[in-house]
Structure formats: structure tokens, C-alpha cells
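From first to last, the protein sequence lines are chains A and B.
Residue numbers for the first sequence follow our numbering, so the first one is 1 and each next one is one higher.
Residue numbers for the second sequence follow our numbering, so the first one is 1001 and each next one is one higher.
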Amino acid sequence: MKKVIMGNHALSYGAMLGRAQVISAYPITPQTQVVELLSEMCADKTLDAKFIKVESEHSAMAACLGASLAGARTFTATSSQGLTLMHELLHWASGGRLPVVMGNINRAMAPGWSIWSDQNDSLSQRDTGWIQFYCCSNQEVLDTVIQAFKVSEKLLIPSMVVLDAFSLSHTYEVVDVPEQEKVDAYLPPFKPQIKITPDEPHAFGGLTSPEHYFELRYKLQKDMEKAPALIEETGKEYEKMFGRYLGLVDEYCCDDADIILITSGTVGSTARVAAEELRQEGIRAGNLRIKAFRPFPFETVRNIVKGAEKIAVVDRNISYGHHGMFYEEVKSALYGHNDSLPVFGFIAGLGGRDITPSTFKEITNYALKKKKPEEEIIWIGVKR
Amino acid sequence: MKKEKKMKLSLPEEELMNSGHLACQGCGATLAMRYVLKALGQKVALCIPACCWSVIDGPFPYSSLDVPIFHCAFETAAVSASGVKAGLEMVGDTETTVVAWAGDGGTFDIGIQALSGVAERNDDIIYVCYDNEAYMNTGIQRSSATPYGAWTTTTPVKHFKDRPKKDMEAIMAAHRIPYIATASIGYPEDLFRKTKKAKEIKGTRFLHIYAPCPTGWKSRPEDTIKLARMVVQNATFPLYEIEWGEKYTLNIKLKEKKPIADYLKIQGRFRHLTEKEIASMQEEVDKKWQRLLSLVNSK
């Protein structure tokens, strides 16, 4: 059934269709509509789930971990300060191999207070062992939540489904809401092999000496390495059932492109408009939107950019004292494979400043003019 | 021939706690676990945050308990238990009693926010705080459960703890939860009865168990039980229950309230106190006792 819904409600519908059994969340702008709708769904039994209305995001994640350990499918959603308050427990989720699925609305970190979009909240959770998906449309948000349950529960690794503040969270789009029976056929119930139960007592997460700890982390990485293939496989299966492919990346006119604009999140659709216009002006531009940041799709990225002359990575985030974070990953993907390909790193749109098609034209013109990057960071649209 | 008379046991013989655990000699916290599990039985899931018990249980892949344990983050004992309870119910297990089992630091300090949230929602869990009155697992640092006058490694003798112990029962009573009880490992039958009673109640139940720590208190291991009885008899830690935040019941009535000096004297952590300081502490205990009696009598 087609519905006109906001990005936040796409998360709620994803959780509902995925039959989340325990939801625990705390409100934060711009996430609130996610949990408002889920509260209603739980109240009117549209969704048979327990909703634990906690006093903080830290407790929201803690409750999800407990419920997940008991064998229930769990969902939460947050943003920015809330996500970073959870940080300790993000490690707990992946280390405990608890497949929680969480929506995160990208919102800039305080101070100063900002409710607008940038990616420093989720990207600073890079090393917590979560799978991270960056979405570009409300449809993709809903579909990805369902896929994320499947991927997470298979690998026992938690997933974060990320969307931009306002440009997605509060934007209404037409979304095809799949039928419950079809989703049930795609996503079987969560049945973990080991869980907390008095019938078979185990101690989970106890003191672990150097004798054992290393191997637990090795196994987490080994399973994370299985994620790219599993994402593609479950994405194809999803396409077969629902007509929409869910992959690691999404490309636009990259085959013959001289310059490829690499983006993430909603900025991707802006880059496409710019690429289209640039093509009319005779510049062969393409867009590669990276959807999975963790695991990073190294091989896929390498293959797609193979024929390009230049790469421009646009980051709505920054690792202080370093670069934009997608820029780093792209360079790392190419190292030793395609060292002569010039990769330019741009930072734009921090704290929700607009990134428009003309931003991308400025970026393209800059990259085309230079032989190779002369600056570590090329700032776009900053007042100095 | 004389008929052999068997001693009548006041607690069940069945043990859910095994030998091989890693507690110090004379540890009160181990007895607390042993008695509580005797009362709750095997249909239990424990959530244990960072505390002595996260070590006592034994390192991976061992456990000294015959019940399952979720070793959870320090500040999350209460809400982890809420999560486990909700999860178990959603997968069809409505019987298991879920217990948050935390020390005083994890309860009075870092875990109080999550505990308050759980109590306000009246989530269906038992929260047990075994209280050894400081951060013992990290090496005896003061917590807000450390009593006035005590030495710890962060309240050295020259600047001993100069604020009273936080009144956790009053805080929990303010949440209007169905059941709150104090207990001491020196009174196992009382602890057993209260745990049994808590098990039958639905909602948030809070048990505060006094558990001496010879290592941190600089007391003799063989004095653990003695201390756990003296603290009740001198009214420093009276044994009482609060129902729905209103109905107070005193469980161990004192015909003769003992002075606190004897109790302080056998603990190295109070050795530096002068007679004057002890006298003013006695006054505080008396005042608190009177306040409790007025709450008990005000029904």
C-alpha cells in the first residue's frame, strides 16, 4: 500500500513490519515522531510489542540489550546527543553479539546547540562494531530497517539505520508499505541459539582474561567481514520480493564518468541533480552514494571508480585533526590498487548548512581545475 | 536407646551457589547471594553490573551460580533487568523472576538514574543492593553509601567521610513502589522471609542488604556475622519494610538499643575517631532511629 509518510514514520513502519517485540526509547529532536508512532502502535496493538519508556537513551539501549539477550527482537531510535550518550552500550551490543536495530537521525553535536543535520554523531560511533546504513529516501529507510533485522540476526551484529535530520526525518514522501505477510516471509522470527534463561544457565559477558578476549574480538571482525556479501544477498532477495534492491552502494552514471562525486545520505540525490546538469554542460559527472559505512564496501567502491579520472568525496562530517571520514575510507580503499587516481576531500554542510546542486558544481569545477588535491581539506561554503 | 533428634533447619538446604567463587574471606556479599537464591529458587535471571559480584562469580567460562547471569554495564542494573523481563515475557516466559543485583556504588551513585526510572514505571523486577558501604571492587573508595566518619582510600583519616550515608530507603519510598525492605546477612531468616515475600509481589521490589566487607572495613573475617548483627542491634541499620511508600513495619524490635561505640571499635575504618566524634555519631543514630519509629507508628 502506498502512503505519504515522513522519514521518521518510515522507521516506525519498518519496526512494525519487522515485528519488533521490545522497543525502548527516549525522545530527542528530530527523532520524536519515530517513538510517538510506535507508542500508538503498541497502545492499539497494531504492533504486539512492549515499549519501555525509559528516562535516558543510555537506559533505552540497556533495556534493548537485556531484551535481546532474552531472545526478543528489539528496536530503538535516537539522534545526536542521545546516540553519543549510548556510546558505552553500543560497544556492549556488538561485544555481546546482540542484534539490536536502531534508527539514528543525523544531527550535529553541541555545543552550540544544533538540531540540524550532520554526521558527526553516528560517524563518531565508527569503531563500536555496528553495521551502519546511510539512507537517501523514506522508502529506503523503511526497507532497510526490515533488511537490517535480517542481516543483524544472522550475524549477531547490531545495525544502525541512519537518516538526515529534517531533509529526511521530517520530509514526507510516497512510500510503498509492504504487506505484513510478505515481510513475514522475508524475515523469519528471531531465534537465537543461546539466550538468558533459567532452563540453561549461562553467564554472559563476565570477566574475560587475555586468554579468551582476543578471540572474541577476532570472531566479531570475521563475522563483520561476512556482512558485505550478506547485505547484497539479502538485498537481492528483497528485490525479488518487493522490487527494490538494497545494496552496499547506489551508483548513478558512474560507468562513463570522468569525475565521480562520492556522497552519503540525502546529499546523494542533490549530487544527482548536479550531475545531470553538469552532463548537459558537457561534463561527464557521476554519483556514487555509499550506503554501508560499516562494513565499508572497499571492493565495490574500487570497482565502480576504476574508470574515473577524478574523485570528489563530499563529507558532512569531520574528524578533527584529520579529514572527512568518508574521504579517509575512499582513499584507504584505493591504496595499493589505484594510487594514481586523484581523490579530493571536501567538507560541506556542517550543522545543517545547505548543500545544493550549485555546491556540487563548485566542487566539480574545483576538482577539474586541479591536477591533484593541494589541500588536506577543501572547505566548501565556510565563511572565513 | 535415646531417639536421635535432628536439628530443625530454618533455611532450605538446597544451594544454587557453589564453591570455587572468588570472594575474600568473610565476605558478606556471598552470604547475601546464597540466602537470596535459596529463597528465590532456580527460576531466576540475574543482571549484575560492575561490582564485587562481577568478579566473585568467577571468570569466563566459569560461573559459581546455577542461575543465568547478564553481566551488564555499571549504571544499568535496574533497566537491564527491565529489558530482560520484557524480553522473556515476549518469548513466552512469564514465570522467571528477574533480579538486578548491584553493590552500593551501582545503586546509590552511578545506577540511581536507571533505578529511579524503573521504580517510577514500577517495572516488574526485584532490585537487590548488597551494601558494603564503599567501592570495594576497585579498592575501597568512598561511595554515597559510605557512613559518616569512615576511612576509605579517597576519604583518608585526615579528611574522613564528612557527610552522612544517603537515605536510599527514603528515596525509594518516594517512588511509591510496592515493596522495600532492609535486611542483614546477620539475620538470614529475616532476609529469607523478605525475599520470599518480594518474589510474590508484582512490580518493583527493592531489597537493601547489609553486607560487611572485612577487606574494606579492616575488620576480622570472623567478625562479619557479629558486625551484621550489631549494626541492627544498635539501630545503625534497622530492619524494616515499606509498602507502597507508606506503610512502615519494623521487623527487629530493640528492647535495648546498643551503643554504636562497640560496633565502631572492631572496624579499622573507624579507628581514628575521637570519643567526641563517636558521641556526635551516636546522636545522629538516635535521631534517625526516632524518625523511623515515628514513621512506623504513624499508620
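Note that the Cβ used here is the ideal one computed from N, Cα and C, for glycine as well.
Within-9 Å CB hit, residue i to chain A
i: L1065/B; result: yes
i: C1072/B; result: yes
i: A1081/B; result: yes
i: R1220/B; result: no
i: D1167/B; result: no
i: D1131/B; result: no
i: R1121/B; result: yes
i: A1114/B; result: yes
i: T1096/B; result: yes
i: G1087/B; result: yes
i: D1104/B; result: no
i: D1093/B; result: yes
Within-9 Å CB hit, residue i to chain B
i: W113/A; result: no
i: L89/A; result: yes
i: K53/A; result: yes
i: P188/A; result: no
i: A110/A; result: no
i: S56/A; result: yes
i: W92/A; result: yes
i: P201/A; result: yes
i: H322/A; result: no
i: H212/A; result: yes
Where residue i meets chain A, residues with beta-carbon distance less than 9 Å
i: R1034/B; result: Chain A residues near R1034/B: none, gap ~16 Å exceeds 9 Å.
i: M1090/B; result: Q21, V22, D48, A49, K50, A67, A70, G71, A72 and R73
i: E1075/B; result: H58, S59, A62 and E88
i: T1274/B; result: Correct list: empty, because the minimum Cβ distance to chain A is about 41 Å.
i: D1124/B; result: Near D1124/B there are no residues of chain A at all, since even the closest Cβ is about 11 Å away, more than 9 Å.
Within chain B, the residues that residue i reaches when beta carbons sit closer than 8 Å
i: T208/A; result: P1059 and F1060
i: C64/A; result: G1083
Same chain, Cβ closer than 7 Å to residue i, five either side skipped, listed in chain order
i: A367/A; result: I259, K310, A312 and F344
i: D1124/B; result: K1085, K1202 and G1203
i: T356/A; result: T270
i: I1180/B; result: E1169, M1172, A1173, F1206, E1241 and I1242
i: A1235/B; result: L1254, K1257, V1285 and W1289
i: P30/A; result: S79, I105, R107, I115, A165, F166, S169 and H170
Neighbouring residues, chain B, relative to residue i (Cβ below 7 Å)
i: I196/A; result: A1045, P1068, F1070 and V1084
i: F204/A; result: I1069, F1070 and H1071
i: P99/A; result: Those within 7 Å of P99/A in chain B number zero; the least Cβ separation is about 13 Å.
Residue span of the alpha helix (DSSP H) that contains residue i, given as start and end
i: F326/A; result: M325 to L334
i: G82/A; result: S80 to L85
i: V1118/B; result: I1112 to R1121
i: L288/A; result: It is not in any alpha helix (DSSP H) - L288/A instead sits in the beta strand (DSSP E) that spans A285 to I290.
i: M1281/B; result: E1275 to N1297
i: E387/A; result: The structure shown does not extend to residue 387/A, since chain A is modelled only from 1 to 384, so the question has no answer here.
i: W1101/B; result: Not the alpha helix (DSSP H): W1101/B falls in the beta strand (DSSP E), residues T1097 to A1102.
i: T263/A; result: First-last for T263/A: I259 to T263, but that is the beta strand (DSSP E), not the alpha helix (DSSP H).
i: I363/A; result: P357 to K369
Sequence-distant residues of its chain with Cβ nearer than 6 Å to residue i (five each side left out)
i: P373/A; result: F344
i: I1110/B; result: F1074 and E1075
i: A308/A; result: A257 and I260
i: A1050/B; result: F1074
i: G82/A; result: I28 and E57
Beta-ladder partner(s) of residue i, from DSSP
i: I23/A; result: F51/A and F75/A
i: R1205/B; result: I1126/B and Y1179/B
i: Y134/A; result: V162/A
i: D315/A; result: I347/A
i: I422/A; result: Since the displayed chain A opens at 1 and closes at 384, residue 422/A lies outside it and no answer follows.
i: E1243/B; result: Y1179/B and K1247/B
i: I1069/B; result: A203/A and L1046/B
Residue i: CB within 8 Å of a non-hydrogen atom of the ligand GDP
i: M1136/B; result: This structure lacks the ligand GDP; in fact it carries no ligand of any kind.
Beta-carbon neighbours of residue i, restricted to chain A and to distances below 7 Å
i: Q1042/B; result: P198
N- and C-terminal bounds of the beta strand (DSSP E) containing residue i
i: E251/A; result: V249 to Y252
i: L1250/B; result: K1247 to L1250
i: K1218/B; result: No beta strand (DSSP E) contains K1218/B, which DSSP labels as neither H nor E.
i: A116/A; result: In the sequence as presented, Ala is not what sits at residue 116/A; that position holds Trp. From DSSP, W116/A is part of no beta strand (DSSP E); its letter is neither H nor E.
Beta-carbon neighbours of residue i, restricted to chain A and to distances below 8 Å
i: G1117/B; result: V54, E55, S56 and S59
i: S1054/B; result: G206 and L207
Beta-carbon neighbours of residue i, restricted to chain B and to distances below 9 Å
i: P295/A; result: Residues of chain B passing the Cβ test: none, with the nearest at roughly 25 Å.
Other residues of its chain near residue i: CB distance less than 8 Å, five sequence neighbours each side excluded
i: L89/A; result: H58, M61, A62 and L65
i: L11/A; result: V34, A77, G103, V141, L142, V145, V161 and L163
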